[in-house]
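Asks:
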Amino acid sequence: MRRNVQSGLTLIELLVVLAILALTASVVVLNAPPSRQTARVEAERFAARLDAAMASSLTTGAPLRLATTPAGYRFERYADGGWNAQEGEGPMAPRALPREVALAFETQDAAFANAAPDEAGKAEAPRRLTIDPVGVGDAFAAVFSDGEQIWRVEIDHAGTITVTRDDRS
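Start counting at 1 in the sequence shown, then tack on 1319, and there's your number in our numbering.
1) Assuming F1459 contacts A1362 under a Cβ cut-off of 8 Å, what Cβ separation, rounded to an integer in Å, is found between them?
2) Does S1326 come out as helix, strand or coil in the three-state DSSP assignment?
3) How about the stretch 1329–1349 and the stretch 1419–1427: do they share at least three Cβ pairs that are nearer than 8 Å?
4) Pick helix, strand or coil for R1359, following the three-state DSSP scheme.
5) Whose C-beta lies closer than 8 Å to the C-beta of A1404 among residues of the same chain, with five residues either side of it excluded?
6) Using a 10 Å radius around the Cβ and a threshold of 16 neighbouring Cβ atoms, would you call S1345 buried or exposed?
7) Use the C-beta contact count for I1331: other C-beta atoms within 10 angstroms, 16 or more gives buried, fewer gives exposed.
8) Around the C-beta of L1349, are 16 or more other C-beta atoms found within 10 angstroms, so that it is buried, or is it exposed?
9) Tell me where the beta strand (DSSP E) around A1461 begins and ends.
10) When you compare the CB positions of R1277 and T1449, do they come within less than 8 Å of one another, or not?
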């Protein structure tokens, strides 16, 4: 008597193997590091937007101001006797930073550095840096950190913008 021996896989066995592979792939994807660090992306974006704002100020002849908060930053244009926030899309639209990114500013403004604590303002009050149409302004650095890396966007008195990774990160 001859027995019918099956060779191959049953549908149930195939589905179990596929489920195990899918579970393994999802664990690998969830634990893989991001392709680019968030702080670096935000620092590069900020540098590009700042460069566009400086070019806009130069071509229009109107001063701009960079207003910052812990949640993000925005550009304001001086018109009609007051500062007006730039709205809409484009490089000068307000930017809310991702939750994992912290932004801090370091200025070389002697008046701000010598201010009393109540004159300097509270941490949640916006810091404002003016972008002059002639290109002369205060040198400052924007420091972006995401818990893993720290990136600095520095602008000097001549308006040169550089993006560097902080070696201490």
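We put the CB at the ideal spot given by N, CA and C, even for glycine.
Replies: Let's see:
1) Contact flag wrong, Cβ pair sits at about 14 Å.
2) Coil, per DSSP.
3) Short answer: they don't touch.
4) In this structure, DSSP gives R1359 a helical state, which the three-state scheme calls helix.
5) Within the same chain, and ignoring the five residues on either side of A1404 in sequence, the residues whose Cβ sits closer than 8 Å to its Cβ are A1386, R1393, F1394, E1395 and P1413.
6) Counting the other Cβ atoms within 10 Å of the Cβ of S1345 gives fewer than 16, which makes it exposed.
7) Classification of I1331: exposed, given that the 10 Å Cβ count is below 16.
8) Per the 10 Å Cβ criterion, exposed.
9) For A1461, the uninterrupted beta strand (DSSP E) segment begins and ends at F1459 to S1464.
10) The chain is shown only over 1320 to 1488; residue 1277 falls outside these bounds and no answer can be derived.
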